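Participant:
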Amino acid sequence: MATKYGHVGVVRMFLDHGRDPTPAINEDSFQSHPDLDSLISFVNPLTAAVLEGHTSVVSLLIGSGFIDRCVEPPRKKEWCNLLLSLAVMKRHIPIIKLLLAGGCDSNATCLSGEAPLHHVAAAPATSTTMEIVRLLVDSGADPVNREFNSPFSLGLKTGNEPFVNYIFEQGIAFDTEVILNMVDEISGQHKRMASLLLKRVDLNHTIKFSQGARCKLICGAIAGGFEDLMERLLLAEPSIFANWTCIFGHKDIMSLAVASGDIRNIEFLLGLGRSLDHAVTYPAIIIEKDTDGNWDPDDCPPSMILALNRGRDDVVKYLIKKGFDVVFASEHGNDLFKRALYLGKVEILKILFGTSIPSIKDIAFSDDGLSIQLAVLGGETVFRLLLERGVQLQPSYVGHSRAFACAALLANVPILRIFLDAG
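Sequential numbering from 0 applies to the sequence shown in numbering that gives the first Met the number 0.
#1: For L408, which of helix, strand or coil comes out of DSSP?
#2: Between which two residues does the alpha helix (DSSP H) holding A107 run?
#3: Would you tell me roughly how many angstroms separate the C-alpha atoms of L409 and S105, rounded to the nearest one?
#4: Would S259 pass as a contact of I221 if the rule is Cβ separation under 8 Å?
#5: For V315, which residues in the same chain have their Cβ closer than 7 Å to its Cβ, ignoring the five residues on either side in sequence?
#6: Distance check for L116 and L135, CA to CA, integer angstroms please.
#7: If you reduce the DSSP assignment to three classes, tell me which class P123 lands in.
#8: Write down the C-beta distance between V49 and L85 rounded to the nearest angstrom, noting that I regard them as a contact closer than 8 Å.
#9: Here's a check: name, in chain order, each residue in its chain whose Cβ is nearer than 7 Å to the Cβ of A421, leaving out the five neighbours to either side.
#10: Do Y396 and G353 have their C-beta atoms closer together than 8 Å?
#11: Taking buried to mean at least 16 other C-beta atoms within 10 Å of its own C-beta, is I166 buried or exposed?
#12: Tell me which residue opens and which closes the alpha helix (DSSP H) that Y4 is part of.
#13: I371 and G398: beta carbons closer than 8 Å?
#14: Using the Cβ count rule (16 or more neighbours within 10 Å means buried), how would you classify G101?
#15: Determine the burial state of R133: buried for a count of at least 16 other Cβ atoms within 10 Å of its Cβ, exposed for fewer.
#16: Three-state secondary structure (DSSP) at F162?
#17: Please report the distance separating the alpha-carbon of G62 from that of S126.
#18: Under the three-state reduction of DSSP, which class applies to H117: helix, strand or coil?
#19: So what does DSSP say about Y317, is it helix, strand or coil?
#20: Got a sec? Which residues, its chain only, sit under 7 Å from F418 by beta carbon, not counting five neighbours each side?
#21: Using a 10 Å radius around the Cβ and a threshold of 16 neighbouring Cβ atoms, would you call L261 buried or exposed?
#22: Any idea what DSSP makes of F364, helix, strand or coil?
#23: Need the endpoints of the alpha helix (DSSP H) that A421 sits in, please.
#24: Where do the ends of the alpha helix (DSSP H) carrying N264 lie?
#25: Is it buried or exposed for S238, if we count other Cβ within 10 angstroms and need 16 for buried?
#26: On a CA-only basis, which of E130, T244, H91 and D312 is nearest V345? Give me that one, please.
#27: Compare the beta carbon distance of M192 and P161 with 8 Å and say whether it is the shorter of the two.
#28: Could you give the residue range of the alpha helix (DSSP H) that holds A47?
#29: Counting along the chain, where does the alpha helix (DSSP H) carrying F151 start and finish?
#30: Measure the alpha-carbon distance for L197 versus Y317 and round it to whole angstroms.
#31: Just how far apart, CA to CA, sit L340 and L373?
#32: Just to confirm, is the Cβ distance from G8 to H53 under 8 Å?
#33: Helix, strand or coil for T244? Go by DSSP, reduced to three states.
#34: What span of residues does the alpha helix (DSSP H) with A172 cover, start to end?
#35: Does any CB atom of chain C fall closer than 8 Å to the CB of G62?
#36: Taking the alpha helix (DSSP H) that S254 belongs to, which residues open and close that run?
Now the structure itself:
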């Protein structure tokens, strides 16, 4: 209690009278590998002071030999080291300095495998987190201490550019294959980070790369929208598509370009003789994965729909204007139309009405009036567009009644009035 409330005088009095502050940490209390939750639950004097940010109390306890007394048994030392992660999470810089000076291990991990550096590696970066990063790295913290889910990979995945730049400034080098794996993993989300990584690759020696390495580099260039890089790679070895095999399963490179939403890359591939047919009519294979990293080709939409999902309306308009009228008479074309309804893409819907989209009858009645329900979700402008094109609401049709109920749930008054006017 004295340490929790920062009563330095009381803590000093206890210490002067020979009270040992460490008995709360014992091997019997913690049979498992250390974890932060248990450290907080089974609070000890130093933990309480760290949690509350009482720097003077922490200094007093460490000065009295708290950490030194936790050398044996080893489990006791592990729990003591975990205090550093707790201080990092709380962003208590003076306390972090005290714990490091007191001998806490900056690479000690908890039950989840996270070291102190993990707690400041994720974005966003601030002046405080970067100062903590410097303190930890200077004390020996390893940013790449694990092949997967290292602090460095966490910084990449979350787009923490200041953190990643700082780690590179420390002279840490990565094998080209490792860099390309990183690029493939993040290029769709963090273009700047992917670009930063690609600058670490010596492109003058790409001709010496393995087929797999070149494949990773091209996929990273396309997914990240690096047109100049892709052009340089393909001009250096134009035959790379002759026997295209991608270790990531990108069976059609144009699908990746369409889903990534970069028109220049699409045009460059067209110039090399690549076809758009499969890219806009067939599933994108594993362009997107679920949270477990798995994929199902039956559940993966065509790349054109993925581009629409990602807000790349310019790519979708470009492809429509390329004359893919046959697409919109197919099942996937219907899916594109319905997705545009749901997302409220008015301009694209107007363009689609000039193609062979489903008939007005199909729009009104197919799939139990699903298109009408999606139009309700898309908003008043989309809903009115269907009516202007000839769709008529029928009170006796169950699907339209469901759409009416949907509008009621959304409390969309303008659309509700349209339904009520239709009876």
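Ideal Cβ placement from N, Cα and C applies to all residues, glycine included.
Given the structure is predicted, the values throughout are model-derived calculations rather than measurements.
Facilitator: Short version:
#1: helix
#2: From DSSP, A107 is part of no alpha helix (DSSP H); its letter is neither H nor E.
#3: 52 Å
#4: yes
#5: M303, A306, L307 and I347
#6: 7 Å
#7: coil
#8: 5 Å
#9: These residues qualify, in order along the chain: L392 and P394.
#10: Taking 8 Å as the cut-off, the Cβ atoms of Y396 and G353 do not count as close.
#11: buried
#12: No alpha helix (DSSP H) holds Y4; DSSP gives it neither H nor E.
#13: yes
#14: buried
#15: Result: exposed.
#16: helix
#17: 29 Å
#18: helix
#19: helix
#20: Closer than 7 Å at Cβ, skipping near neighbours: L392, F403 and A406.
#21: First, the amino acid is wrong: residue 261 is Asp here, not Leu. Under this definition D261 is a buried residue.
#22: helix
#23: Element bounds for A421: n/a, residue is neither H nor E.
#24: I262 to G270
#25: exposed
#26: Relative to V345, the option among E130, T244, H91 and D312 whose CA is nearest is D312.
#27: no
#28: P44 to E51
#29: P150 to K156
#30: 29 Å
#31: 6 Å
#32: no
#33: coil
#34: No alpha helix (DSSP H) holds A172; DSSP gives it neither H nor E.
#35: The chain inventory of the structure shown lacks chain C, comprising one protein chain alone.
#36: I252 to S259
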